[in-house]
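Asker:
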Amino acid sequence: MTGGVGMGELQALAPLLVVTGWAALLLLVSALAGGRSLRLGPLALCGLLLALAAVVWDWRLVGAGGQVLFGGLAVSDRFALFLDALLLLAGSLTVLISGAYLDEHGFADDAYFSLLLLAISGMMLLVHATSLVMLLIGLETMSLAIYALVAFWVGKATSAEAALKYFVMGAVASAFLVFGVALIYGVTGATGYRALAEAAAQAAGQPLLLLGMVFVLGALAFKVAIVPLHMWVPDAYEGAPTPVTGLMASAVKAAGFGALLRLLATSFAADGLVYGSTGWLNPCWTLAALTMSLGNLAALRQPSIKRMLAYSSVAHAGYVLLGVIAAGLHPGQLAPVLFYLLSYAAATLGALGVVAWIGRREAERLTFEDWAGLARHHPVVALAMTVFMLSLAGVPPTGGFFAKFYLFRAALRDPQLVTLVVIAVLNSVVSVYYYLRPVVAMYFQDGVAQPQPLARPGVYAMLGLALALVLLLGLLPGVPLDWALHAQLAR
Amino acid sequence: MVPTSQVLGLAALLFCIGLAGVIVRRNLLIVMMSVELMLNAANLALVGFARVRGDLEGQGLAFLIVALAAAEAAVGLAIVVSVFRSRRTVYADEVTLLRR
Numbered sequence: 000m001t002g003g004v005g006m007g008e009l010q011a012l013a014p015l016l017v018v019t020g021w022a023a024l025l026l027l028v029s030a031l032a033g034g035r036s037l038r039l040g041p042l043a044l045c046g047l048l049l050a051l052a053a054v055v056w057d058w059r060l061v062g063a064g065g066q067v068l069f070g071g072l073a074v075s076d077r078f079a080l081f082l083d084a085l086l087l088l089a090g091s092l093t094v095l096i097s098g099a100y101l102d103e104h105g106f107a108d109d110a111y112f113s114l115l116l117l118a119i120s121g122m123m124l125l126v127h128a129t130s131l132v133m134l135l136i137g138l139e140t141m142s143l144a145i146y147a148l149v150a151f152w153v154g155k156a157t158s159a160e161a162a163l164k165y166f167v168m169g170a171v172a173s174a175f176l177v178f179g180v181a182l183i184y185g186v187t188g189a190t191g192y193r194a195l196a197e198a199a200a201q202a203a204g205q206p207l208l209l210l211g212m213v214f215v216l217g218a219l220a221f222k223v224a225i226v227p228l229h230m231w232v233p234d235a236y237e238g239a240p241t242p243v244t245g246l247m248a249s250a251v252k253a254a255g256f257g258a259l260l261r262l263l264a265t266s267f268a269a270d271g272l273v274y275g276s277t278g279w280l281n282p283c284w285t286l287a288a289l290t291m292s293l294g295n296l297a298a299l300r301q302p303s304i305k306r307m308l309a310y311s312s313v314a315h316a317g318y319v320l321l322g323v324i325a326a327g328l329h330p331g332q333l334a335p336v337l338f339y340l341l342s343y344a345a346a347t348l349g350a351l352g353v354v355a356w357i358g359r360r361e362a363e364r365l366t367f368e369d370w371a372g373l374a375r376h377h378p379v380v381a382l383a384m385t386v387f388m389l390s391l392a393g394v395p396p397t398g399g400f401f402a403k404f405y406l407f408r409a410a411l412r413d414p415q416l417v418t419l420v421v422i423a424v425l426n427s428v429v430s431v432y433y434y435l436r437p438v439v440a441m442y443f444q445d446g447v448a449q450p451q452p453l454a455r456p457g458v459y460a461m462l463g464l465a466l467a468l469v470l471l472l473g474l475l476p477g478v479p480l481d482w483a484l485h486a487q488l489a490r
Numbered sequence: 000m001v002p003t004s005q006v007l008g009l010a011a012l013l014f015c016i017g018l019a020g021v022i023v024r025r026n027l028l029i030v031m032m033s034v035e036l037m038l039n040a041a042n043l044a045l046v047g048f049a050r051v052r053g054d055l056e057g058q059g060l061a062f063l064i065v066a067l068a069a070a071e072a073a074v075g076l077a078i079v080v081s082v083f084r085s086r087r088t089v090y091a092d093e094v095t096l097l098r099r
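Going down the list, the protein sequences come from chains Z and R. Numbering that gives the first Met the number 0 applies: residue 0 is where the first sequence begins, and numbers increase by one. Numbering that gives the first Met the number 0 applies: residue 0 is where the second sequence begins, and numbers increase by one.
1) Taking 6 Å as the cut-off, is the C-beta of M37 of chain R nearer than that to any heavy atom in the ligand FAD?
2) What residues are listed by DSSP as bridge partners for T366 of chain Z?
3) When the Cα of P437 of chain Z is compared with those of Z:L125, Z:T157, Z:I422 and Z:A298, which residue comes out closest?
4) Closest to V180 of chain Z by CA distance: which of Z:Y405, Z:A355, Z:F214 and Z:V167 is it?
5) Does the distance from the CB of S149 of chain Z to the CB of V30 of chain R come in under 7 Å?
6) Output the distance between the C-alpha atoms of M6 of chain Z and V55 of chain Z, rounded to the nearest integer angstrom.
7) So, for G46 of chain Z: in the same chain, excluding its five sequence neighbours on each side, which residues have a beta-carbon less than 7 Å away from its beta-carbon?
8) From A66 of chain R to V74 of chain R, what does the alpha carbon distance come to, in whole angstroms?
9) For S4 of chain R, name the three-state secondary structure that DSSP assigns.
10) Rounded to a whole number of angstroms, what is the C-alpha to C-alpha distance between A355 of chain Z and A374 of chain Z?
11) Under 7 Å between C-beta atoms, does T88 of chain R make it to chain Z?
12) For the alpha helix (DSSP H) containing Q201 of chain Z, name the first residue and the last one.
13) What's the C-alpha gap between L51 of chain Z and Q487 of chain Z?
14) Listing by chain order, which chain Z residues have their CB less than 7 Å from the CB of L38 of chain R?
15) Out of Z:M133, Z:T129, Z:G154 and Z:A172, which has the shortest C-alpha to C-alpha gap to Y192 of chain Z?
16) Quick one: what's got a C-beta closer than 6 Å to T1 of chain Z's C-beta in the same chain, skipping five residues either side?
17) Rounding to the nearest angstrom, what Cα-Cα distance links N295 of chain Z and L333 of chain Z in this structure?
18) Looking at the structure shown, is A220 of chain Z part of a helix, part of a strand, or coil, going by DSSP?
19) For A75 of chain Z, which of helix, strand or coil comes out of DSSP?
20) By the three-class DSSP mapping on this structure, what secondary structure does L488 of chain Z have?
21) Going along chain R in order, which residues have a C-beta closer than 7 Å to the C-beta of A355 of chain Z?
22) By the criterion of Cβ-Cβ separation under 8 Å, what are the contact partners of F166 of chain Z in chain R?
23) Please state the DSSP three-state secondary structure of D109 of chain Z.
24) Could you list which residues in chain Z have their beta carbon closer than 8 Å to that of L63 of chain R, in chain order?
25) In chain R, what lies closer than 9 Å to Y184 of chain Z by C-beta?
26) Using DSSP with H/G/I as helix, E/B as strand and the rest coil, what is A128 of chain Z?
27) Just to make sure I have the definition right: I need the residues of chain Z whose C-beta is within less than 7 Å of the C-beta of S81 of chain R. Which are they?
28) Taking all protein chains shown into account, decide if A68 of chain R is buried (16 or more other Cβ within 10 angstroms of its Cβ) or exposed.
29) Express the C-alpha separation of R300 of chain Z and G473 of chain Z in angstroms, rounding to a whole number.
30) Measuring straight from C-alpha to C-alpha, what distance separates L27 of chain R and A383 of chain Z?
31) Measure the C-alpha to C-alpha separation of G463 of chain Z and V94 of chain Z and round it to an integer number of angstroms.
32) What is the residue span of the beta strand (DSSP E) that V67 of chain Z lies within?
Below, the structure written as structure tokens:
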């Protein structure tokens with residue numbers, strides 16, 4: 000960990016630096032404006048697109064092998080860059096819809112976009128991190144910005160309450176993470192993933208190391224909402240401004256799983272830490288089964304569409320965890336998980352985009368009755384919502400179907416996972432029921448009043464892009480799948 | 000010289016007291032203090048381990064976590080103020096609009 004920072008290292012980390020710098024720039028601009036409302040959305044979007052261009056540039060630059068940065072603190076490889084692109088895409092869609100949403104619901108945008116970019120920079124650091132220190136910084140940057148975004152809806156009591164619940168539980172999770180890092184450091188003397196992999200393989204049976212692992216993995220599991228640690232999800236997702244809910248469901252989840260995948264595949268990949276009585280495999284198996292089942296069962300009974308989507312995100316975390324286990328058993332098989340995260344992000348952002356579209360200042364319109372007869376007045380948006388729902392349920396020809404098919408097929412190669420795949424397929428079948436509830440309401444029920452949704456160009460652009468992405472991933476999965484297949488971890 | 004096991008024992012004890020505080024106490028300010036206690040328990044463990052190992056990485060990390068705890072307290076207190084403005088209470092069991 001000696002020596003200066005080279006130009007090449009900064010180039011390899013360009014996407015992260017652009018987003019962080021842009022967040023500071025936005026903060027500066029809004030500070031100089033002195034309280035006037037500026038509508039910083041387009042400027043934020045420019046920053047995200049610039050970072051996306053940097054990702055494309057770096058994809059060639061770092062090559063298939065990746066580039067180790069800052070003496071092993073972070074890395075820039077195609078796995079991280081793929082997730083960067085996903086995060087930036089999710090961020091761009093969120094920014095597109097946020098402008099109109101902020102205007103409509105009457106909260107100022109002075110720090111909103113800056114916080115949004117800071118959250119994304121934290122997530123990017125999380126997927127680039129190859130040291131527990133960087134993991135900690137990335138996770139906290141992301142979390143603190145997201146807490147503030149959840150609480151951003153000034154004057155709405157549920158927003159502050161949601162942020163409070165998320166914050167208290169998240170702060171405890173952070174404390175566990177920090178204590179876990181301390182324990183791992185105490186046993187192995189290492190915080191870098193590579194050094195940790197060697198030291199942990201030798202100390203495999205030590206109880207303090209195991210406790211540290213459980214704490215660190217538990218904190219990440221909290222962020223991606225694996226079942227015993229999912230209690231915050233429905234409240235935080237419902238109370239948050241809807242664009243922020245979309246960001247949490249798509250980007251926070253993808254970043255958390257990215258960090259989890261890298262940690263499990265590099266540091267805790269020694270046999271003694273994967274299998275047997277001290278391994279993470281068996282507990283993860285049980286947690287995946289519980290997560291998808293309880294998430295789906297709870298989603299069945301929700302009266303609010305936003306809350307239903309919150310529980311559906313829990314269920315999807317279970318499917319992704321299945322992919323993570325499969326990737327742990329067969330190192331290098333990351334593509335199904337990455338493709339799944341991308342397809343889920345597109346569909347859930349789209350669905351929450353429609354939720355944001357239909358809500359107006361006086362009424363958020365979250366119940367199924369509020370959606371009755373929508374197809375008659377707004378056939379195109381109703382059709383888009385149907386596509387998003389079908390994608391989440393995993394029905395062809397959408398991205399969700401292909402992602403699920405690919406994920407389950409990859410998992411089926413391992414005989415230990417057959418039962419879990421069967422549970423996952425049964426869960427997908429059950430989930431069709433609640434995903435079709437808004438569709439039935441839109442097409443087959445009569446509405447009392449004609450809804451006056453949020454008809455603004457940014458909203459329609461966001462919905463159109465999400466729809467295009469979902470259909471593209473379903474009908475022409477070849478190109479994104481090829482990228483996912485190339486998105487390998489640095490050796 | 001104090002043995003490491005005692006340092007670790009004290010850290011674990013502080014951590015558990017903090018955790019118990021978060022779970023049992025309803026006053027949000029006490030809850031936040033308890034979280035700080037948990038973070039500082041981890042700091043104590045880090046510094047203790049760093050001394051045994053004779054390297055500075057653990058101490059550096061402890062400094063980082065002090066900064067992190069400050070940032071967390073800032074955001075947390077802002078959220079508590081925001082809750083207090085809308086609900087006129089700092090007791091967690093009176094903040095129950097969600098979860099019907």
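Yeah, the Cβ is synthetic: ideal placement off N, Cα and C, and Gly gets one too.
Answerer: Checking against the coordinates, here is how it stands:
1) As far as ligands go, the structure on display features none, and thus does not contain the ligand FAD.
2) Z:S303
3) Z:A298
4) Z:F214
5) Ser is not the amino acid found at residue 149 of chain Z; the sequence shown has Val there. For V149 of chain Z and V30 of chain R, no; Cβs fall outside 7 Å.
6) 18 Å
7) V17, V18, W21 and L116
8) 13 Å
9) helix
10) 17 Å
11) no
12) Y192 to Q201
13) 19 Å
14) A174 and V177
15) Z:T129
16) With a pLDDT of 47 at T1 of chain Z, under the threshold of 50, the predicted position of this residue should be treated as unreliable, though the coordinate-derived value follows. Excluding residues within five positions, none has a Cβ falling inside 6 Å.
17) 25 Å
18) helix
19) Checking the sequence shown, residue 75 of chain Z turns out to be Ser, not Ala. The answer is strand: DSSP assigns S75 of chain Z an E or B state.
20) coil
21) Those do not exist, as A355 of chain Z stays about 19 Å from chain R at its closest Cβ, beyond 7 Å.
22) V74, G75 and I78
23) coil
24) V132, L135 and I136
25) A44, L45, F48, A49, R52, E56, G57 and L60
26) strand
27) A150 and A159
28) buried
29) 29 Å
30) 43 Å
31) 14 Å
32) Q66 to L68
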